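Enquirer: My questions all concern the structure below.
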DNA sequence: TGCATTATTGGCAAATTTGCCAAGTATTCA
DNA sequence: TGAATACTTGGCAAATTTGCCAATAATGCA
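Residue numbers (our numbering), protein chains in the order written: chain F, 962 to 1081; chain A, 962 to 1081.
In structure tokens:
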């Protein structure tokens, strides 16, 4: 017998849960094309919601919600300036994630080209 | 007038799309508590599906699907060994993402403690 | 004060993700 | 060959995410 079948409540992920959920949540806040793009843009300096909105051409409410996800994850911070709200990266270390992802991507492409080249 | 309302097809995210979708997809493969955990475990060396399954206490089919997500993203590679399948990290650079996330987390906690301390 | 600009929130429908079960494949071993 | 082990795939239901449209709030300006 391997283990009892727990039929746990859906939300209740086993012991590794809380620690890993916290970390996964930060990544989840980056793991969307729009939010990844925002992180890239904000790496160059603060931007207001209206600027970001024009860049992606989505409804402003949608943009606002994406930014809320990033804010709740601790990725960005906001600051009121008159009628607008400026967003900026909470820590520059987010930028270090970019090259890591590039490397995974590059390696994956190399690997796929090998497979393509072989006669399998 | 700011811009026409495009009412685009749902999938069809504007110009920044393809480039960022590709990158976001890699992060998405890490942005789940179980898969984040697997990446941590695999950082210590190859593991078979059955080992990983026992660690998280989920159905083996569920574990298999999580690993398939990671494989398709180019995060891990698999290798048959008899009846079992060993998974290992495709590139060690994934590990560099861990400390970045820790830093975001630490900064976020610091910031929240400040707010807690102030009389706002 | 009234109006425009900027942003957030609530609500909803469509899309995606997640996890289980059942069924199928592949390999080892008796 | 037949049984056991290890894994994958299809299908489905529950949960979550995403994006739009109001409706609402906050600020600046005439």
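Glycine included, C-beta positions come from ideal geometry on N, C-alpha and C. Remember, predicted model here, so these are calculated numbers, not experimental data.
(1) For chain F, find out if any of its Cβ atoms is closer than 8 angstroms to the Cβ of residue 1022 (chain A); answer yes or no.
(2) Helix, strand or coil: how does DSSP classify residue 1016 (chain F) here?
(3) Return the residues of the segment 992-1010 of chain F that lie within a Cβ-Cβ distance of less than 9 angstroms from chain A, sorted by chain order.
(4) Listing by chain order, which chain F residues have their CB less than 8 angstroms from the CB of residue 1084 (chain A)?
(5) If I measure Cβ to Cβ from residue 1004 (chain F) and keep anything under 6 angstroms in the same chain, skipping five residues before and after, which residues do I get?
(6) For the segment 980-992 of chain F, which residues have a beta carbon sitting closer than 9 angstroms to at least one beta carbon of chain A?
(7) Residues of chain A with CB closer than 8 angstroms to the CB of residue 978 (chain F), please, in chain order.
(8) Enumerate in chain order the residues of its own chain whose CB-to-CB distance from residue 995 (chain A) is below 6 angstroms, with the five nearest sequence positions on each side excluded.
(9) Give me, in chain order, the residues of the same chain whose beta-carbon lies closer than 6 angstroms to that of residue 1047 (chain F); leave out the 5 immediate sequence neighbours on both sides.
(10) Would you report the Cα separation of residue 984 (chain A) and residue 1074 (chain A), rounded to the nearest angstrom?
(11) Does the distance from the CB of residue 992 (chain F) to the CB of residue 1066 (chain A) come in under 8 angstroms?
(12) Can you tell me whether DSSP reads residue 981 (chain A) as helix, strand or coil?
(13) Please name the residues in the segment 1029-1056 of chain A whose beta-carbon is closer than 8 angstroms to at least one beta-carbon of chain F, in chain order.
(14) Considering only the alpha carbon of each residue, which of A:1054, A:1044 and A:1023 lies closest to residue 1036 (chain A)?
(15) Assuming residue 1028 (chain F) is part of the alpha helix (DSSP H), what are its boundary residues?
(16) Are there 16 or more other CB atoms within 10 angstroms of the CB of residue 1024 (chain F), so buried, or fewer, so exposed?
(17) Measure the C-alpha to C-alpha separation of residue 1011 (chain F) and residue 1034 (chain F) and round it to an integer number of angstroms.
(18) Going by C-alpha to C-alpha distance, which of A:1077, A:978 and A:1059 sits closest to residue 1019 (chain F)?
(19) How is the beta strand (DSSP E) around residue 1055 (chain F) delimited, first residue to last?
(20) Which term fits residue 1077 (chain A), buried or exposed, when burial requires 16 or more other beta carbons within 10 angstroms of its beta carbon?
(21) Comparing alpha-carbon positions, which option in F:982, F:1015 and F:1059 lies nearest residue 1000 (chain F)?
(22) If we ignore side chains and look at the alpha-carbon of each, how far apart do residue 1038 (chain A) and residue 1049 (chain A) end up?
(23) Round the Cβ separation of residue 1002 (chain F) and residue 1013 (chain F) to the nearest angstrom and send it over; I've been treating them as touching at under 8 angstroms.
(24) Going straight from the alpha carbon of residue 1045 (chain A) to that of residue 1071 (chain F), what length do you get?
Expert: So, from the data block:
(1) Judged by the 8 angstroms Cβ criterion, residue 1022 (chain A) is not in contact with chain F.
(2) Residue 1016 (chain F) falls in the helix class under three-state DSSP.
(3) Cβ contacts with chain A: 992, 993, 994, 995, 996, 997, 998 and 1001.
(4) Any question about residue 1084 (chain A) goes unanswered here, given that chain A covers just 962 to 1081.
(5) Taking C-beta separations shorter than 6 angstroms and ignoring five residues to either side along the sequence, the partners of residue 1004 (chain F) in its chain run 1056, following chain order.
(6) Of all residues in the segment 980-992 of chain F, the ones placed with a Cβ closer than 9 angstroms to any Cβ belonging to chain A are 980, 981, 982, 983, 984, 985, 986, 987, 988, 989, 990, 991 and 992, in chain order.
(7) Near residue 978 (chain F) (Cβ distances below 8 angstroms), the residues of chain A are 994.
(8) Answer for residue 995 (chain A): 1017 and 1027, listed in chain order.
(9) Listed in chain order, the non-local C-beta contacts of residue 1047 (chain F) below 6 angstroms within the same chain comprise 1007, 1009 and 1040, local neighbours out to five positions each way being set aside.
(10) Residue 984 (chain A) and residue 1074 (chain A): Cα-Cα distance of roughly 33 angstroms.
(11) Inclusion of residue 992 (chain F) and residue 1066 (chain A) in the CB contact set at 8 angstroms is not warranted, their separation being larger than that value.
(12) Helix, per DSSP.
(13) Result list: 1034, 1035, 1036, 1038, 1051, 1052, 1054 and 1055.
(14) Residue A:1054 is the option with its Cα nearest to residue 1036 (chain A).
(15) Its alpha helix (DSSP H) spans residues 1021-1033.
(16) Per the 10 Å Cβ criterion, buried.
(17) Distance between the alpha carbons of residue 1011 (chain F) and residue 1034 (chain F) is about 21 angstroms.
(18) The shortest Cα separation from residue 1019 (chain F) among A:1077, A:978 and A:1059 belongs to A:978.
(19) Unbroken run through residue 1055 (chain F): none, as it is neither H nor E.
(20) Counting every other CB atom within 10 Å of its CB across the protein chains shown gives residue 1077 (chain A) a total below 16, marking it as exposed.
(21) Taking only the C-alpha atoms, the option nearest residue 1000 (chain F) is F:1059.
(22) Spanning the two alpha carbons is a distance of roughly 6 angstroms.
(23) The C-beta separation of residue 1002 (chain F) from residue 1013 (chain F) comes to about 7 angstroms, placing the pair in contact by the 8 angstroms criterion.
(24) When rounded, the distance between both Cα atoms is 26 angstroms.
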